[in-house]
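Report on the following structure.
Numbering (mature numbering (1 follows the signal peptide of the UniProt record, and there is no 0)), first residue to last: -19 to -1, 1 to 323.
See below:
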């Protein structure tokens, strides 16, 4: 095998590195910080074999003052871009194990600029999405084990090959009780690979901060004097019992006379309208609003009932973000009052 200096080969790798795409996280890897003077040790996974050489991406490593063997392991000092890649230890022409050497990507900005998370209810999971074409493999994990990089971390992974419309999707389970007062913040860690660079970020938040219900369901419209009473049900995905996890609704409607669009937080709206749509949010948290339902045309039927007929081609759905801290004590008091219902 032809011997090639780490610095020479690494420069070629850095120049033509587009071919080195990671669709999954490698089993073994070590991460170094940029300009970190401390040496890093790459471990050869063997107890019996004598290691006689190391390779970097298939080319034999030439030992010098920056790269030297210590027993079966390899110690690399003053790591920079040309020294990143896949290191493998060999014995008698047989590869024993491999370890990737990554450099931590230094990038300004927090995780919010890369990752968006949403919980459609207080049940046992929430979803996150990342839209950044630079990264070919991404994984997310909850808890201190993940933020500290322990082996016990339970990662949820995704890759560019399984992306949906350029977005990587994740479903993360949690063990928070929907009925208990939320005093502990969730700690979410993200790791993302771009060639031989890795981005690591951690953020903390309450589950209540990312609540956004699905769109509610318009059940019926019934005439009450000169008004229309709109019956709305929570979305099927919303937490139960609904007497405890209450939603508030906003109705948007178009007047017949002048076509003016108006909004109402009451389910009683003017009778003379052409169409309407509804959205919902958690009434105690004042969470982010759901997406609007599709516009539904209103037609008068029998027995003072108006038909709310869904349009096949409505206006684009929209949402209005907004969140504040949940007053869990209020919810718990409400639960006690409703104990006979729950």
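Positions of the beta carbon are idealized from the N, C-alpha and C atoms, including for glycine.
In angstroms with no decimal places, state the Cα-to-Cα distance between residue i and residue j.
i           : j           : result
residue 30  : residue 41  : 18 Å
residue 176 : residue 241 : 54 Å
residue 12  : residue 179 : 8 Å
residue 164 : residue 223 : 23 Å
residue 214 : residue 6   : 43 Å
residue 96  : residue 188 : 15 Å
residue 119 : residue 181 : 10 Å
residue 245 : residue 104 : 29 Å
residue 55  : residue 136 : 28 Å
residue 298 : residue 259 : With a pLDDT of 40 at residue 298, under the threshold of 50, the modelled position of that residue is not reliable, and no figure is offered here.
residue 169 : residue 228 : 27 Å
residue 4   : residue 149 : 12 Å
residue 33  : residue 123 : 41 Å
residue 46  : residue 138 : 38 Å
residue 278 : residue 254 : 9 Å
residue 24  : residue 80  : 8 Å
residue 270 : residue 114 : 29 Å
residue 92  : residue 183 : 7 Å
residue 191 : residue 167 : 11 Å
residue 98  : residue 155 : 13 Å
residue 127 : residue 15  : 22 Å
residue 324 : residue 247 : The structure shown has nothing for residue 324, since the chain only spans -19 to 323.
residue 27  : residue 160 : 51 Å
residue 243 : residue 129 : 51 Å
residue 63  : residue 162 : 51 Å
residue 117 : residue 207 : 59 Å
residue 44  : residue 78  : 19 Å
residue 121 : residue 134 : 10 Å
residue 125 : residue 74  : 41 Å
residue 205 : residue 94  : 48 Å
Looking only at C-alpha atoms, which of the options sits nearest to residue i?
i           : options               : result
residue 2   : 38, 13 and 270        : 38
residue 352 : 251, 93, 104 and 228  : For the chain, the structure presents residues -19 to 323; residue 352 sits outside this window and is missing.
residue 83  : 65, 57, 71 and 59     : 65
residue 266 : 130, 225 and 122      : 225
residue 217 : 75, 197 and 276       : 197
residue 53  : 46, 45, 72 and 246    : 72
residue 249 : 47, 209 and 281       : 209
residue 10  : 174, 254, 268 and 270 : 174
residue 101 : 273, 262 and 127      : 262
residue 212 : 184, 127 and 257      : 257
residue 19  : 58, 268, 43 and 130   : 58
residue 272 : 194, 207, 220 and 81  : 194
residue 85  : 159, 191, 17 and 236  : 17
residue 8   : 280, 132 and 274      : 132
residue 67  : 94, 36, 87 and 74     : 36
residue 106 : 70, 236, 125 and 158  : 158
residue 235 : 76, 276, 207 and 63   : 276
residue 230 : 274, 206, 207 and 205 : 274
Around the Cβ of residue i, are there at least 16 other Cβ atoms within 10 angstroms (buried) or fewer (exposed)?
i           : result
residue 22  : exposed
residue 233 : buried
residue 51  : exposed
residue 171 : buried
residue -7  : For residue -7, the predicted model reports a pLDDT of 38, less than 50, meaning its position is unreliable and no value from the coordinates is stated.
residue 60  : buried
residue 185 : exposed
residue 220 : buried
residue 152 : exposed
residue 268 : buried
residue 48  : buried
residue 264 : exposed
residue 69  : buried
residue 76  : exposed
residue 281 : exposed
residue 301 : The pLDDT assigned to residue 301 is 36, lower than 50, so where the model puts this residue is not dependable; a value taken from the coordinates is nonetheless given after this. Under this definition residue 301 is an exposed residue.
Would residue i pass as an interface residue toward chain C - the criterion being a Cβ-Cβ separation below 8 Å?
i          : result
residue 47 : Given the protein chain composition of this structure (a single chain), no chain C is represented.
For the region 106 to 124 and the region 200 to 211, state whether three or more C-beta atom pairs, one from each stretch, are separated by less than 8 Å.
no
So within the region 56 to 86, which uninterrupted alpha helix (DSSP H) runs reach at least 4 residues, ignoring any that extend past its ends?
none
Ignoring anything shorter than 4 residues, give me the alpha helix (DSSP H) runs that lie fully in the region 133 to 214, in order along the chain.
none
Mind listing, in chain order, the continuous beta strand (DSSP E) runs of no fewer than 3 residues lying wholly within the region 85 to 118?
96 to 99 and 106 to 111
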